[in-house]
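This note's numbering puts the first residue of the sequence shown at -3, with every later residue one more than the last. Backbone N, C-alpha and C define an ideal beta-carbon position, used for all residues, glycine too. Worksheet: the structure to be examined is printed underneath.
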Amino acid sequence: MRSALIQLSTLGFAWPGQPELLDIDTFTLEHGESLFLKGPSGSGKTTLLGLLGGVQQPNRGNIQLLGQDLSKLSAGARDRFRVDHTGYIFQQFNLLPFLSVRENVELPCHFSTLRASRAVQRHGSVAKATSTLLAHLGLQQPELLQRRAGDLSIGQQQRVAAARALIGQPELVIADEPTSALDADAREAFLELLFTECRAAGSSLLFVSHDQSLARLFDRSLSLAELNRASYLEEV
-3 MRSALIQLST LGFAWPGQPE LLDIDTFTLE HGESLFLKGP SGSGKTTLLG LLGGVQQPNR
57 GNIQLLGQDL SKLSAGARDR FRVDHTGYIF QQFNLLPFLS VRENVELPCH FSTLRASRAV
117 QRHGSVAKAT STLLAHLGLQ QPELLQRRAG DLSIGQQQRV AAARALIGQP ELVIADEPTS
177 ALDADAREAF LELLFTECRA AGSSLLFVSH DQSLARLFDR SLSLAELNRA SYLEEV
């Protein structure tokens, strides 16, 4: 039986000189699962995402992604492992405004030969993978590919960020409040597209938001307060 995509146990994290922010006994994310993780601002959601991606290291505990204990990797190896296996959609999208839409989407393939080879295997070329993903996400106009990312609307930037996260079929897609600037109808429409592309790529989706109305669309919903004993102790 295949183990979970993410397995986390007895994790503790505190910023220097601060009380413990995260105290999580156990957490798992299965292969192909979509999980909604809710929590208010300042609850440690973004910090947890950084730990899962190997950007930060826990003070204690164990984080495994695809069976790899992230704490056993050097900083450089964690960076390489992250870009090979994880796609991110940030709240502010973090596109490079001076690059074109195509150049932004293809960035992960420049840093990961694994994702580049997967894109070629599935679509024939990285360029074809880019145009196909963008078309599936509602950006099918050929002229958009050469437009600078800084000239796009918020909705267009959001879709470009999703395509960048999905290219090369990473096993894990992490989305950190990516729909906060959209109205309710646009949020649901974007999520349906994101689910479709994650299923096609075989990617698990970890979606972080404070918007509880979206939780019903996911396979599973969790509250960070339920996971995090540090926040629970503060509240009681």
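Tell me where the beta strand (DSSP E) around residue i begins and ends.
i    : result
N58  : R56 to L61
L33  : S30 to K34
L7   : I2 to F9
L218 : R216 to S219
Name the two residues that bound the continuous alpha helix (DSSP H) containing residue i.
i    : result
Q154 : I150 to L162
Q78  : The amino acid at residue 78 is misidentified as Gln; the sequence shows Arg. A71 to H81 is the extent of the alpha helix (DSSP H) around R78.
G46  : K41 to L48
Below 8 Å on the Cβ atoms is my contact criterion, and I expect residue i with residue j to pass it. Report the Cβ-Cβ distance as a whole number of Å.
i    : j    : result
P174 : A157 : 7 Å
S108 : G164 : 6 Å
Does DSSP put residue i in a helix, a strand or coil?
i    : result
A171 : strand
P15  : coil
V204 : strand
L66  : helix
F86  : coil
R183 : helix
For a quick check, are the C-beta atoms of residue i and residue j less than 8 Å apart?
i    : j    : result
R78  : G49  : yes
P104 : R111 : yes
A177 : L95  : no
G198 : G28  : yes
Which residues in the same chain as residue i place their Cβ atom closer than 6 Å to its Cβ, once the five residues preceding and following it in sequence are excluded?
i    : result
F201 : Before going further, note that residue 201 is Leu rather than Phe in the sequence given. Cβ within range, chain order: S30, V169 and C194.
L140 : V97
L210 : none
Looking only at its chain, what residues have a beta carbon closer than 7 Å to the beta carbon of residue i, apart from the 5 residues adjacent to it on each side?
i   : result
H81 : L61, L62, P166, E167 and L168
Leaving out five residues before and five after residue i in sequence, what residues of the same chain have Cβ atoms less than 8 Å from its Cβ?
i    : result
V101 : T126, L129, L130, V156, A159, R160 and I163
F86  : A157, D172 and P174
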